[in-house]
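Engineer: I have a structure here, written as structure tokens, and I will follow up with some questions on it.
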Amino acid sequence: MSSLVIYFSRAGENYFGGELKNIERGNTEVIAEYIRELDGADLFKVEPAVEYPADYMKCIDVAKKEQQEDARPEIKETLDDIDAYDTIYIGFPNWWGTLPMVMFTQLEQLDFTGKTVKPFVTHEGSGFGSSQKDLDKLCAGGEIKKGLSIPGANVSAAKDTVKAWIDE
């Protein structure tokens, strides 16, 4: 049984427990790497063709505008199919209540029929927001399992939590 993590993560200036901090790796990427280590999953990082601004406030403005316009930002590389995998982990930060629009760009191009889908989100208090509803549409035909929600400030200590979730 093979698994794949499809994720988007953003390093740079991020919001942590009430303050802005610069991080070398995005929170979602940290969790994706735990999944690779614990489950042997392959990783596919969704990367926008045009990077989001490093400045946190500018980044969230761009993210909000993309969402309001229902945009599908271009991505550097597209994953064409997931046929070789049984389990697909989908990871993202909660941006304005759901997945970043670059994830829509990628996920809409895949057929999730017969796949087990395990979503995970990093956030600063908002959990999955309304992303579950969007995932139901984006991953139609897949069996969406209970997701894992981890506050960004807790990712470095979350490996055991991730393992328990993988094993569920």
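Per numbering that gives the first Met the number 0, the sequence shown starts with residue 0, numbered consecutively. Every residue gets a Cβ at the ideal spot worked out from N, C-alpha and C, and that includes glycine. Please read all numbers here as calculations on a predicted model, not as lab measurements.
1) Are the beta-carbon atoms of threonine 121 and threonine 27 separated by less than 8 Å?
2) On the three-state DSSP scale, how would you describe glutamate 28?
3) Which residues bound the beta strand (DSSP E) around serine 148?
4) What ranges does the alpha helix (DSSP H) occupy inside the stretch 88 to 152, keeping only unbroken runs of at least 4 residues that lie completely in it?
5) Give the straight-line distance between the Cα atoms of alanine 83 and isoleucine 34, rounded to the nearest whole angstrom.
6) Look at the Cβ atom of leucine 3, then the Cβ atom of aspartate 41, and state whether they are nearer than 8 Å.
7) Glutamate 76 to glutamate 46, Cα distance in whole Å?
Structural biologist: A quick look at the data gives this:
1) Position 122 of the sequence shown, counting from 1, holds the residue named residue 121. Position 28 of the sequence shown, counting from 1, holds the residue named residue 27. In contact: threonine 121 and threonine 27 (Cβ atoms closer than 8 Å).
2) Reading the sequence shown from its first residue, position 29 is the one you call residue 28. Looking at glutamate 28 - three-state DSSP - the assignment turns out to be helix.
3) Mapped onto the sequence shown, residue 148 falls at position 149. First-last of the beta strand (DSSP E) with serine 148: 147 to 150.
4) 100 to 106 and 130 to 137
5) Taking the sequence shown and counting its residues from 1, one reaches residue 83 at position 84. Taking the sequence shown and counting its residues from 1, one reaches residue 34 at position 35. Whole-angstrom Cα-Cα distance: 18 Å.
6) Against the sequence shown, residue 3 aligns to sequence position 4. Against the sequence shown, residue 41 aligns to sequence position 42. In this structure, aspartate 41 lies closer than 8 Å to leucine 3 by Cβ.
7) Here residue 76 corresponds to residue number 77 of the sequence shown, with the count starting at 1. Here residue 46 corresponds to residue number 47 of the sequence shown, with the count starting at 1. For glutamate 76 and glutamate 46, the distance between alpha carbons rounds to 7 Å.
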